[in-house]
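Taking it in order: structure first as structure tokens, then the write-up.
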Amino acid sequence: MSILKMTRRTAAALLAVGLMGGAVQAQEKKDIVLGGSIPLTGVFAFAGVGVHAGITDATEIINSNGGIEGHKLVYVPEDTGYKVDQSVAVYNKITSQHDVNLYYGDSTAFAKTISPEVERSGKMIMAGASFASELDDPEKYSKIFIPGPTYTEMIGILLKYIAEEKPGAKVGLVHSDTEFGRDPVETAQVQAKELGLNMDLVISTAPGGVDVSTEVLKIRRARPDYVIFHGYVLAPIPEFITQARSMGLDTKFMGTFWSMDNSMVMKMGEVAEGFMGVNPYNYYYSDVENAPMLEKIRSMRDTYQSNAYMQGFFSTMMMAEATRNAIKAGKEINGANIKEGLQAIQDFDTGGIVGIPVSVKGNSVPVGRVYRADVKQQKMVPASDWIRLD
Amino acid sequence: MRIGTVKENYGADAALFDTRVQRGWLVVLAVALVLLPFVSGQYVSYLACLVLINVASTTGLNILTGFTGLVSLGQAAFMGVGAYIVALLEMKVGTPFILNLLLAGLGAALVGMVVGLPSLRVKGLYLAIATIAASVILHFVFANWTEVTGGVSGLTMPPATLFGMELNQPGEVYWIIMPVTVLLLFGAANLFRTRIGRAFIAIRDRDISAEVLGIDLLRYKLLSFAISSFYAGVAGGLWAYFFRVITPESFPLMMSIFFLAAVIVGGMGSILGGILGAIFMTMVPEVLKMLVGVVTPFWPEAVAVLSPVRIMVFGGLIIFFLIFEPEGLAEIWRKIRRFFHLWPFKT
Numbered sequence: 001m002s003i004l005k006m007t008r009r010t011a012a013a014l015l016a017v018g019l020m021g022g023a024v025q026a027q028e029k030k031d032i033v034l035g036g037s038i039p040l041t042g043v044f045a046f047a048g049v050g051v052h053a054g055i056t057d058a059t060e061i062i063n064s065n066g067g068i069e070g071h072k073l074v075y076v077p078e079d080t081g082y083k084v085d086q087s088v089a090v091y092n093k094i095t096s097q098h099d100v101n102l103y104y105g106d107s108t109a110f111a112k113t114i115s116p117e118v119e120r121s122g123k124m125i126m127a128g129a130s131f132a133s134e135l136d137d138p139e140k141y142s143k144i145f146i147p148g149p150t151y152t153e154m155i156g157i158l159l160k161y162i163a164e165e166k167p168g169a170k171v172g173l174v175h176s177d178t179e180f181g182r183d184p185v186e187t188a189q190v191q192a193k194e195l196g197l198n199m200d201l202v203i204s205t206a207p208g209g210v211d212v213s214t215e216v217l218k219i220r221r222a223r224p225d226y227v228i229f230h231g232y233v234l235a236p237i238p239e240f241i242t243q244a245r246s247m248g249l250d251t252k253f254m255g256t257f258w259s260m261d262n263s264m265v266m267k268m269g270e271v272a273e274g275f276m277g278v279n280p281y282n283y284y285y286s287d288v289e290n291a292p293m294l295e296k297i298r299s300m301r302d303t304y305q306s307n308a309y310m311q312g313f314f315s316t317m318m319m320a321e322a323t324r325n326a327i328k329a330g331k332e333i334n335g336a337n338i339k340e341g342l343q344a345i346q347d348f349d350t351g352g353i354v355g356i357p358v359s360v361k362g363n364s365v366p367v368g369r370v371y372r373a374d375v376k377q378q379k380m381v382p383a384s385d386w387i388r389l390d
Numbered sequence: 001m002r003i004g005t006v007k008e009n010y011g012a013d014a015a016l017f018d019t020r021v022q023r024g025w026l027v028v029l030a031v032a033l034v035l036l037p038f039v040s041g042q043y044v045s046y047l048a049c050l051v052l053i054n055v056a057s058t059t060g061l062n063i064l065t066g067f068t069g070l071v072s073l074g075q076a077a078f079m080g081v082g083a084y085i086v087a088l089l090e091m092k093v094g095t096p097f098i099l100n101l102l103l104a105g106l107g108a109a110l111v112g113m114v115v116g117l118p119s120l121r122v123k124g125l126y127l128a129i130a131t132i133a134a135s136v137i138l139h140f141v142f143a144n145w146t147e148v149t150g151g152v153s154g155l156t157m158p159p160a161t162l163f164g165m166e167l168n169q170p171g172e173v174y175w176i177i178m179p180v181t182v183l184l185l186f187g188a189a190n191l192f193r194t195r196i197g198r199a200f201i202a203i204r205d206r207d208i209s210a211e212v213l214g215i216d217l218l219r220y221k222l223l224s225f226a227i228s229s230f231y232a233g234v235a236g237g238l239w240a241y242f243f244r245v246i247t248p249e250s251f252p253l254m255m256s257i258f259f260l261a262a263v264i265v266g267g268m269g270s271i272l273g274g275i276l277g278a279i280f281m282t283m284v285p286e287v288l289k290m291l292v293g294v295v296t297p298f299w300p301e302a303v304a305v306l307s308p309v310r311i312m313v314f315g316g317l318i319i320f321f322l323i324f325e326p327e328g329l330a331e332i333w334r335k336i337r338r339f340f341h342l343w344p345f346k347t
């Protein structure tokens, strides 16, 4: 008994010493700061709030599992109102107050503006809300990371799906006349041609335009099998579908990431039935096996979390993994080494955030899955298996 | 207590700064402006540059709206013209930044004169709509003249150079932005001591009476548009050197509304008003952010919860100031000065 007590006491003492030692060691290791120019207000706030929650939760989970190789991850966000000058101000503020190694930016314009400064500082890598194809250039934007497929790759995934489902199909592309909307237009036509699809119908709509009757008439004349929308969140997609359906068109309508959030799609009502699109992540409610991260998220937040949440969560996971790779390789924690660590990510298991193991290619992660709206279930359900672009 | 300032000659009467105290404070301000980048970090230098660019553009709009009485919502688009001119000159020609800024101002002034043509027939809200239309046309040109403007992707330009040194950091570009803005401010202040400036004020007060007095409305209204747009063009050029990425979305209509709000909040028809308005509109959101930052260590979710509240507080502050002092911040400043001048007597 006494031996047992002794053993318990000794074990407790050893544990305490071990914990203290661990604590001392953890104290010695510097914090890794993830700065964030987050659009918590303004036109992009619907996504910014989700991104913020996703990064916050991912940071908490990483830290509860010992941080990044013993380094505590500290998330320092600030609101930008989705304005470039504010985003840059936030960047300057956070980087002047903290030793930042990871950063999350809120827009393509911000990424392009701050990229030379990120390059010059040499301390960090940057992910963000932008999937702009232009940023997928490791030479020009060597410290940028796109947490998913670029817009060009999203269209590529959709076209690959279409080519398999209906070879030689007629595909229309409707995009907003913005930088975001125009992003994949030229490459999409080339990709369509390569896959034996016909993409002669390309329609551009004015930003914020609501009257789409002229554009719908163009669709009626061309009678495409599929129409892909890009550069929108919601409007004017429901108007397009409503008018097209009233004209008796059986065209299938599709969208890209920012118009694929479940709650957004379901806002369309009955019109949403059959609406499809590409999403690089699983949905909050996705019923998949071996998804400990999804389960963890659901245990932390019992209400639906948006795609933006998943995007923020995934960005943090990937940046943390990249940093972990740099530390494991015994390298200094700086931009170049973290980026090297990022590009070394091969077949990384995201715990169910993405349905298949992911690898970084260039600056992006070109995987995605096509989902279809099931209005009865009020859910986006898988329409394809996971598609990986080579 | 100061009971008055004796003016012994016309020169003294027309002086911009008429007392020794004022001149003393001016010296203090000049020293502070020179020392700022040496004693502040990158964040403060960044904000200083942003405030100065906004001051330059707001002063330009104040000349047109506050002094000439012509409402414009095209200021951001004129800044865009200046920014694109500077970017193109820097990238394709490689001319010195001073020349680039001057050409940006002149280019924007030319565009401004064309946009100002409707001002001969319409005033007030009608003119505002005409300038919005012009701004939409300019945005269309920025987005679609791809060979020149780079289309929706825009242009990424190299930094300005001074004596072979690249001015990359906010603390470095400051040495372009600060002197140019100070020059523009002195230019604007002096403008209203000339016949041209007084003609603008006469037009604002009653254009028919001004015409009866012999002021050529066509000439002076267009001149006002040209000068205002010149300021916007130079401010746009400074913006381009500061951010170095110019896209059609860099100069949205909201930005024009921002400048108009700065003129109104600061005080229309007052150079000081333009300065105070621009400082208010740029800095108050930052100060409110700092307040949120103070709470964050105790309440981590504060940034998410309080950010929308911050925007409402900012809007509320604008309304409060307009109700409390419709003449703008410049009038509040004058009242404060008068209080100290006449103390212990009531103002």
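Line order of the protein sequences matches chains P and V.
Residue 158 in UniProt numbering sits at position 158 of the first sequence, and the numbers go up by one each step.
Residue 117 in UniProt numbering sits at position 117 of the second sequence, and the numbers go up by one each step.
Note that CB positions come from ideal geometry on N, CA and C, so glycine has one too.
Model, not experiment: these values are computed from the prediction.
Just so you know, the alpha carbons of V:Ala109 and V:Val292 end up roughly 41 Å apart.
Secondary structure note for P:Phe229: its beta strand (DSSP E) is the uninterrupted segment Tyr226 to His230.
A distance below 8 Å separates the beta carbons of P:Thr41 and V:Ile311. For the stretch 136-147 of chain V, the set of positions with a beta-carbon nearer than 8 Å to some beta-carbon of chain P reads Ala143 in chain order. In this structure, the CA atom of P:Val118 is about 15 Å from the CA atom of V:Tyr43. P:Leu294 has a beta carbon lying at 8 Å or more from every beta carbon in chain V. Residue range Ile271 to Val295 is occupied by the alpha helix (DSSP H) that includes V:Gly274. V:Ile215 sits close to V:Ala202, with the two beta carbons spaced by under 8 Å. For the pair P:Ala336 and P:Gly248, the Cα-to-Cα distance works out to about 55 Å. Bounds of any alpha helix (DSSP H) do not take in P:Trp386; it lies within the beta strand (DSSP E) bounded by Lys379 to Arg388. The C-alpha of P:Tyr304 lies about 11 Å from the C-alpha of P:Met310.
In this structure, the alpha-carbon of V:Pro37 lies about 27 Å from that of V:Gly80. Any Cβ of chain V closer than 8 Å to the Cβ of P:Asp79 would place that residue at the interface, and such an atom is present.
Among the residues facing chain P, V:Pro96 is not included, as its CB has no counterpart in that chain under 8 Å away.
Under DSSP, P:Val370 takes part in a beta bridge, and its partners are P:Val278. Residue pairing by DSSP leaves P:His98 without any beta bridge partner. The continuous stretches of alpha helix (DSSP H) do not include P:Ile125, which lies in the beta strand (DSSP E) extending over residues Ile125 to Gly128. Per the Cβ contact rule, the stretch 248-263 of chain V is in contact with the stretch 46-60 of chain V (3 or more Cβ pairs under 8 Å). Under a criterion of Cβ atoms nearer than 8 Å, no residue of chain V is adjacent to P:Leu173; the nearest Cβ is some 16 Å distant. Chain P has no Cβ within less than 8 Å of the Cβ of V:Thr58. Taking a beta-carbon distance threshold of 8 Å, V:Leu155 does not count as an interface residue toward chain P. In chain order, Gly66 and Phe67 place their CB closer than 6 Å to the CB of V:Gly269, counting only its own chain and leaving out the 5 sequence neighbours on each side.
Secondary structure at P:Gly105: strand, using DSSP grouped into helix, strand and coil. Between the beta-carbon of P:Asn282 and that of P:Ile353 there is about 6 Å, and that keeps the pair under the 8 Å contact cut. P:Ala272 and V:Gly105 have their C-alpha atoms some 51 Å from each other. In the same chain as P:Phe229, and ignoring 5 residues on each side of it, the C-beta atoms closer than 6 Å to its own belong to Val174, Ile237 and Gly255, in chain order. Between V:Val152 and P:Glu179, the CB-CB gap stays under 8 Å. Interface criterion met: the Cβ of P:Glu179 is under 8 Å from a Cβ in chain V. Under the three-state reduction of DSSP, P:Leu249 is assigned to coil, being neither helix nor strand. For the stretch 277-291 of chain V, the residues whose beta carbon sits under 8 Å from a beta carbon of chain P are, in order, Pro285, Glu286 and Lys289. Residues Arg369 and Tyr371 of the same chain have their beta carbon placed closer than 7 Å to that of P:Pro382, with the five preceding and five following residues left out of the count.
The residue among P:Ile61, P:Ala111 and P:Leu158 with its C-alpha nearest the C-alpha of P:Trp386 is P:Leu158. Identification of residues in the stretch 161-175 of chain V having a C-beta nearer than 8 Å to some C-beta of chain P yields Asn168 and Pro170, given in sequence order. Residues of the stretch 213-224 of chain V with a C-beta atom less than 7 Å from some C-beta of chain P do not occur. In chain order, Ala304 make up the part of chain V whose C-beta sits under 8 Å from the C-beta of P:Val49.
Residue-level contact by beta carbon fails for V:Ile132 and chain P, as no gap is shorter than 8 Å.
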